[in-house]
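Participant: Protein chains in written order, with numbering that gives the first Met the number 0: chain A, 0 to 94; chain B, 0 to 388. From the three backbone atoms N, C-alpha and C, an ideal C-beta is built for every residue, glycine too. From a predicted model like this one, the values you see are computed outputs, not experimental measurements.
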Amino acid sequence: MNNKEFISALSHEVELSVKDTQNLTNSLLAELTSQLEDGNTIVIQNFGAFEVKKKLERVVINPSTGQRMLVPPKLALNFKSSTGLKERMQKGGES
Amino acid sequence: MEKKLNIPDLAEGLSRRTKLPRRIAETFVRQFFDTLEENLLRENIVKVKGLGTFKLIDVEARESVNIQTGGRFQIAGHTKISFTPDAVLRDAVNKPFAEFETVVLNENTDVSLMEAVEDFQPLPVAEEPQEEEPLQEDPAAEEQIEEGTITEEPVAETVIVEETAVKDSVCKEPSVEKPDTEEQTENEPIAPLHVTPVEPKPEMKTATSEPPHHLGFWHVVMMLFTGIILLVLGYGIGYLRPLALPFLDRQTSEIKSDVQHPNQRTLQKGTSSKAVAAPAKTSSKPTSDSQDMPSKDLQVVSTEGKGNEPAKKMPSEVLAYPQLEGGDYLIVGIKGTEVMAPGKTLLNISIKYYKSQDFVPYICTLNDIKNPDIVPLNKELKIPELKHK
C-alpha cells in the first residue's frame, strides 16, 4: 500500500476530504520529525515506539577489495512495535 | 531534552501547528496510527511519505539453544515488523552528524587502539553531538583539550592518542602537552604517525615534577601559550624539514651558538626555523633553567622527538618522493609508468606490478591521486619502486 492509498483510507476513516487529510498528515509528521530531531522518544500506545539511537563509529571492511572504511557515528531512527501489536500480528498471520 | 512523548503530547503539537482543537487533533492522531496498523495487517506493507515504510516479515521457525541449560528448543515461526525510515526523516534525525562521511583508512592505521578507546568511552561528553567538533588547529580546540574534556573527534587517530595520553600521565601537565605533540605530528606530511609519543615522555615528567605549586591562573596561561607556540612550531618544522636536511651540519653549529642565549624569543626562532636544531638544545636546557620555564622545556623536548626520528628513518632518496603515511614500504624510485585506459583500474595495476592489491595507496600517493575512485583517462601513472622499511 503506498502513500496515496493510505491517505485515502485514512480520509475515509476520519471523514475528511483527501486534501485535508493530506495536510493534517503532513503537519503531524512535521511535528513528529521535529520531536525526533530533539532526541525525544515517541510512544504510540498499542502501536509502538519511535526512538532515536546513537550508533557508534565503526570500521568496516569491503570484502572484495579488503579496503577498510571508517563509518562515522550516526543517529538512527528505530521503531519498536508494542507487545499488543505483536500479538495482533501473530493472530492476523494465522488466520 | 530526551523525553517520552505519548499521543496526547503529539496531538498538542499538532493542534498548535494546525490551530485545530486538541480533541480533534488527538482523534486524528489515533485514527492515523489505527489506520496504519489496520492496513499493515491487511496488506503487509504500508508506505507513508515523510515517515517511512512499515513491512511485515515472516520469520521461519528455527532451532536455538538455551544458554543456561544447553538444551535445544524451537523458536516458533512468527511475523515481525520492519520499519525503514523515509530518507527525509532519516536525514533530519541524523542532522547533527550529517557532515561526517565514511573515510577510507590507510592500510596500516592501527585500529586495535580505537577499540580500546571505545571501551574506555563512557564519558557523558561523548553523548552530546554538539560537543563534537571536527579537530581544528585553532586555540579553541586547544582549550578544550586543556580543560580535560575528551571529545569524540572524527579523526580517530587523534582521539586514541589523546585518550591514552590522558590515561598514562601522572601529573597534569604532561597530559596536556602530549595531545599537542600529537596534533603536530599529524600535521606533518612525512612523519610516521606512531613514532612520537613514547620517547619524550620520561623527560617531560622530570621537567614538570618540580613546579606543581604553580597551578592556577599562570599555569593556564602558560599552557595556552605553549600550545599555540607548539602548533606554530609544528607547522614550521613540517614545512621546512625537507629543506633543512641538506644543511644539517651547518645548522648544528649555528645552534651551538644559539644556546648561549636563554632568551625565549631566540629559542623560538631557533627551533622553528631549524628542525633538526632541537636535539642539541635539549641536552643543555633542562639543567640550566628547569625551575621557572617548564613549558619551554616541554617544547624543546617535544620537538626533539620529531626532529630526530625522520632524520634517522629517511635516507636521502626517500625524500625525493612523497611517502605513504603509516605504510610498511618506502617509495624509493619509479619502476615504470602505466597509462590509464578504459578497463584499467588502480587495483589491477597494483596486482600486475606487485601481485597484490594492497599497493594501491602507494600508487595514489606517488601520483597525488586524492580519490582512488576517480582517475582521469589517459593519465600517466608512475609505478613506485618499493622498499620494506
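Does the Cβ of B:Thr336 have 16 or more other Cβ atoms within 10 Å, making it buried, or fewer, making it exposed?
Facilitator: Taking the second sequence and counting its residues from 1, the one referred to as residue 336 of chain B is at position 337. With fewer than 16 other Cβ atoms within 10 Å, it is exposed.
Participant: Residues in the same chain with beta-carbon distance under 7 angstroms from B:Lys381, minus the five sequence neighbours each way, listed in chain order, please.
Facilitator: Taking the first residue of the second sequence as position 1, residue 381 of chain B is located at position 382. Once the five neighbours on either side are set aside, the close Cβ partners of B:Lys381 are Ile333, Thr336, Leu365, Asn366.
Participant: Taking B:Gly319 as the reference, give the member of B:Gly326, B:Glu62, B:Ile330 with the closest Cα.
Facilitator: Your numbering for residue 319 of chain B matches position 320 in the second sequence. In the sequence as displayed, the identity of residue 319 of chain B is Ala instead of Gly. For the residues B:Gly326, B:Glu62, B:Ile330, the minimum Cα distance to B:Ala319 belongs to B:Ile330.
Participant: When Cβ atoms are compared, which residues of the region 0-33 of chain B fall closer than 7 angstroms to chain A?
Facilitator: Met0, Glu1, Lys2, Lys3, Leu4, Asn5, Ile6, Leu9, Gly12, Leu13, Arg16, Thr17, Phe27, Val28, Gln30, Phe31, Phe32
Participant: Establish whether the CB of B:Ile80 and some CB of chain A are separated by less than 8 angstroms.
Facilitator: Within the second sequence, residue 80 of chain B is the residue found at index 81, counting from 1. The beta-carbon of B:Ile80 is placed less than 8 angstroms from the nearest beta-carbon of chain A.
Participant: Is B:Ile362 closer than 8 angstroms to B:Pro383 when the C-beta atoms are compared?
Facilitator: Here the question's residue 383 of chain B lines up with position 384 in the second sequence. Here the question's residue 362 of chain B lines up with position 363 in the second sequence. Yes, Cβ-Cβ distance for B:Pro383 and B:Ile362 is below 8 angstroms.
Participant: So, using beta-carbon positions, are B:Leu9 and A:Leu31 closer together than 8 angstroms?
Facilitator: Along the second sequence, one-based indexing puts residue 9 of chain B at 10. Along the first sequence, one-based indexing puts residue 31 of chain A at 32. A contact, by the Cβ cut-off of 8 angstroms.
Participant: Can you tell me which of the three DSSP states B:Gln73 falls into?
Facilitator: Reading the second sequence from its first residue, position 74 is the one you call residue 73 of chain B. Note: B:Gln73 maps to strand in three-state DSSP.
Participant: Is any beta-carbon of chain A found at less than 8 angstroms from that of B:Ala395?
Facilitator: Absent from the model: residue 395 of chain B. The displayed extent of chain B is 0 to 388, so no value can be given.
Participant: Closest Cβ-Cβ distance between B:Val103 and chain A: below 8 angstroms?
Facilitator: Your numbering for residue 103 of chain B matches position 104 in the second sequence. Judged by the 8 angstroms Cβ criterion, B:Val103 is in contact with chain A.
Participant: Count the other CB atoms, across all protein chains shown, that sit within 10 Å of the CB of B:Asn428; report buried if there are 16 or more and exposed otherwise.
Facilitator: A question about residue 428 of chain B goes unanswered here, because the residues of chain B that appear run from 0 up to 388.
Participant: Where do the N-terminal and C-terminal ends of the alpha helix (DSSP H) with A:Ile6 fall, by residue?
Facilitator: Indexing the first sequence from 1 puts residue 6 of chain A at position 7. A:Ile6 -> alpha helix (DSSP H) spans 2-13.
Participant: Is B:Lys334 near the ligand GTP, in the sense that its beta carbon is under 7 angstroms from a heavy atom of that ligand?
Facilitator: Absence of the ligand GTP is noted for the structure shown, with no ligands found whatsoever.
Participant: My guess is that B:Gly49 and A:Asn25 are in contact by the Cβ rule of under 8 angstroms, so how many angstroms apart are they, rounded?
Facilitator: By 1-based counting over the second sequence, the position of residue 49 of chain B is 50. By 1-based counting over the first sequence, the position of residue 25 of chain A is 26. The pair is a contact, with the Cβ atoms about 7 angstroms apart (cut-off 8 angstroms).
Participant: For A:Val17, which of A:Lys3, A:Leu28, A:Ala29, A:Leu27 has the nearest alpha-carbon?
Facilitator: Counted from its first residue, the first sequence places residue 17 of chain A at position 18. For A:Val17, the nearest C-alpha among the options comes from A:Lys3.
Participant: In the region 40-59 of chain B, which residues sit with their C-beta less than 9 angstroms from some C-beta in chain A, listed in chain order?
Facilitator: Leu40, Arg41, Glu42, Asn43, Ile44, Val45, Lys46, Val47, Lys48, Gly49, Leu50, Gly51, Phe53, Leu55, Asp57
Participant: Can you tell me the Cβ-Cβ gap for B:Val58 and B:Thr26, rounded? I've got them flagged as a contact below 8 angstroms.
Facilitator: Here residue 58 of chain B is taken as the residue at index 59 of the second sequence, counted from 1. Here residue 26 of chain B is taken as the residue at index 27 of the second sequence, counted from 1. Between B:Thr26 and B:Val58 the Cβ distance is about 34 angstroms, and since that is not below 8 angstroms, they are no contact.
Participant: Are there three or more Cβ pairs, one per stretch, closer than 8 angstroms when the region 48-56 of chain A is compared with the region 66-82 of chain A?
Facilitator: yes
Participant: In chain order, which continuous runs of the beta strand (DSSP E) of length 3 or greater are located wholly inside the region 326-358 of chain B?
Facilitator: 328-338
Participant: Show which residues of chain B have a CB atom less than 7 angstroms away from the CB atom of A:Ser26.
Facilitator: Position 27 of the first sequence, counted from the start, is the residue given in the question as residue 26 of chain A. Chain B residues near A:Ser26: Leu13, Arg16, Thr17.
Participant: Can at least three beta-carbon pairs, one atom from the region 339-354 of chain B and one from the region 369-378 of chain B, be found at a separation below 8 angstroms?
Facilitator: yes
Participant: Out of B:Leu88, B:Phe72, B:Phe53, B:Arg89, which one is the CA nearest neighbour of B:Ala60?
Facilitator: The sequence position of residue 60 of chain B within the second sequence is 61, counting from 1. Nearest of B:Leu88, B:Phe72, B:Phe53, B:Arg89 to B:Ala60, Cα basis: B:Phe72.
Participant: Run the CB neighbour count on B:His218, radius 10 Å, all protein chains shown included, and call it buried at 16 or more, exposed below.
Facilitator: Sequence index remark: in the second sequence, residue 218 of chain B carries index 219 (1-based). So B:His218 ends up on the buried side.
Participant: Within 10 Å of its beta-carbon, does A:Ser10 have 16 or more other beta-carbons around it, so buried, or fewer, so exposed?
Facilitator: Reading the first sequence from its first residue, position 11 is the one you call residue 10 of chain A. Flag for A:Ser10 reads buried.
Participant: On a Cα-Cα basis, can you pick out the residue from B:Thr225, B:Pro375, B:Ile80 that is closest to B:Val45?
Facilitator: Stepping through the second sequence from its first residue, residue 45 of chain B is reached at position 46. By alpha-carbon distance to B:Val45, the top candidate from B:Thr225, B:Pro375, B:Ile80 is B:Ile80.
Participant: Does the Cβ-Cβ distance between B:Phe31 and A:Leu27 come in under 8 angstroms?
Facilitator: To locate residue 31 of chain B, count along the second sequence from 1; it is residue 32. To locate residue 27 of chain A, count along the first sequence from 1; it is residue 28. Yes, they are a contact pair.
Participant: Starting from B:Ala91, find everything on chain A with Cβ-Cβ shorter than 7 angstroms and list it in chain order.
Facilitator: In the second sequence, counting from the first residue as 1, residue 91 of chain B sits at position 92. Within 7 angstroms Cβ-Cβ: Thr32, Glu36.
Participant: Cβ atoms of A:Met88 and B:Glu42: under 8 angstroms apart, would you say?
Facilitator: Taking the second sequence and counting its residues from 1, the one referred to as residue 42 of chain B is at position 43. Taking the first sequence and counting its residues from 1, the one referred to as residue 88 of chain A is at position 89. A distance of 8 angstroms or more separates the beta carbons of B:Glu42 and A:Met88.
Participant: Along the chain, where does the alpha helix (DSSP H) containing B:Ile23 start, and where does it finish?
Facilitator: As a position in the second sequence, residue 23 of chain B is number 24, starting the count at 1. B:Ile23 -> alpha helix (DSSP H) spans 21-42.
Participant: Under 7 angstroms Cβ to Cβ from A:Arg57, same chain only, skipping five residues before and after it: list those, please.
Facilitator: The residue labelled residue 57 of chain A in the question sits at position 58 within the first sequence. Contacts found: Val70.
Participant: Does the Cβ of B:Glu36 have 16 or more other Cβ atoms within 10 Å, making it buried, or fewer, making it exposed?
Facilitator: Counting from one through the second sequence, the residue named residue 36 of chain B turns up at place 37. Result: buried.
Participant: Is A:Ser81 helix, strand or coil when you go by DSSP?
Facilitator: Within the first sequence, residue 81 of chain A is the residue found at index 82, counting from 1. Looking at A:Ser81 - three-state DSSP - the assignment turns out to be coil, as it is neither helix nor strand.
Participant: Does B:Pro84 pass the burial test, meaning 16 or more other C-beta atoms within 10 Å, or should it be called exposed?
Facilitator: Within the second sequence, residue 84 of chain B is the residue found at index 85, counting from 1. The residue is buried, with at least 16 neighbouring Cβ atoms inside 10 Å.
Participant: Which residues does DSSP pair with A:Glu50 in a beta bridge?
Facilitator: Mapped onto the first sequence, residue 50 of chain A falls at position 51. A:Asn77, per the DSSP bridge assignment.
Participant: Looking only at DSSP bridge pairs, what is A:Met68 linked to?
Facilitator: Translated into the one-based positions of the first sequence, residue 68 of chain A becomes position 69. According to DSSP, A:Met68 bridges with A:Val59, B:Val103.
Participant: Is the Cβ of B:Leu346 closer than 8 angstroms to any Cβ of chain A?
Facilitator: Along the second sequence, one-based indexing puts residue 346 of chain B at 347. Yes, B:Leu346 counts as interfacial toward chain A.
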